[in-house]
Amino acid sequence: MGDELKLYTVRGSPFVCRVEIALKLKRINYQIIQEDLKNKSSDLLNFNPVHKQVPVLLHNGKSISESLVIVEYIDDVWNAFPILPHHPYQKSVARFWAKFIDSTCIPALFKVFGTNGAEQAIAEACEKLQILENELNVKGNKFFGGDNINFIDIAANVIAYWLGMLEEGTEIRFFTKEKFPKLHEWADNFVKVETVKEVLPPRIIPPKAQLLAVFKQRFGNS
Numbered sequence: 001m002g003d004e005l006k007l008y009t010v011r012g013s014p015f016v017c018r019v020e021i022a023l024k025l026k027r028i029n030y031q032i033i034q035e036d037l038k039n040k041s042s043d044l045l046n047f048n049p050v051h052k053q054v055p056v057l058l059h060n061g062k063s064i065s066e067s068l069v070i071v072e073y074i075d076d077v078w079n080a081f082p083i084l085p086h087h088p089y090q091k092s093v094a095r096f097w098a099k100f101i102d103s104t105c106i107p108a109l110f111k112v113f114g115t116n117g118a119e120q121a122i123a124e125a126c127e128k129l130q131i132l133e134n135e136l137n138v139k140g141n142k143f144f145g146g147d148n149i150n151f152i153d154i155a156a157n158v159i160a161y162w163l164g165m166l167e168e169g170t171e172i173r174f175f176t177k178e179k180f181p182k183l184h185e186w187a188d189n190f191v192k193v194e195t196v197k198e199v200l201p202p203r204i205i206p207p208k209a210q211l212l213a214v215f216k217q218r219f220g221n222s
């Protein structure tokens, strides 16, 4: 296929990494366009006029926005290595868990850091993580997708890689191996997948004050 693919990114974004993992799994060549979110390009503003954020995938001149939407699009267009299950019911289950992670779990995790580790925020985040822990226990698989990573695992990449860095950088710790042994085992397996390792950014821990300032601006109480 003579496809032209451009991916608008910023370095270190877990949401961009979701898309890159999908592209790597499908063995698709693509061009990376680095964006400066403090000085967004006219292309980014044109291709994603609603949210004005990365990632944006440009496929033969047509733009697709939002990381999980892009991952589904990639899976629909290229057949190699299925990311979503083929069966309609199993596909709906995968979408359910990905949406839970994206719209419920990740905001709860980020709120912990935005409130400088408020007790209630930690309790709410642990409640959401426990739901995922229970799901892994019920399935008894290496990954949410079974023996190989799938849509749910890609959606949960924030938990697998970035959460530990946030805990280390802020010294706010609640995602412990004692509380969530299955999630920790899953995370270890996920980051060891060769395709995932190819796209994960270097493990850099920003200063505590810088991290907390970012989260307080978005999630903290005034």
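Just so we're aligned, residue 1 is where the sequence shown starts under full-length UniProt numbering, counting upward by one. Every residue gets a Cβ at the ideal spot worked out from N, C-alpha and C, and that includes glycine.
Query                                                                                                             : Result
Is it the case that the Cβ atoms of ALA22 and ILE101 are separated by a distance below 8 Å?                       : no
May I have the straight-line CA-CA distance separating ILE70 from VAL19, to the nearest angstrom?                 : 7 Å
Helix, strand or coil for LYS38? Go by DSSP, reduced to three states.                                             : coil
When the Cα atoms are used, what is the spatial distance from GLU72 to ILE32?                                     : 19 Å
Whole angstroms is fine: what's the gap from GLY164's alpha carbon to PHE113's?                                   : 12 Å
When you compare the CB positions of LYS128 and ALA160, do they come within less than 8 Å of one another, or not? : no
Within the continuous alpha helix (DSSP H) that includes THR9, where are the two ends?                            : No alpha helix (DSSP H) contains THR9, which is instead part of the beta strand (DSSP E) from 5-9.
Find out if the Cβ-Cβ distance for the pair PHE180, GLU133 is shorter than 8 Å.                                   : yes
Mind pulling the alpha helix (DSSP H) runs of 4 or more residues that sit fully within the region 89-129?         : 106-114
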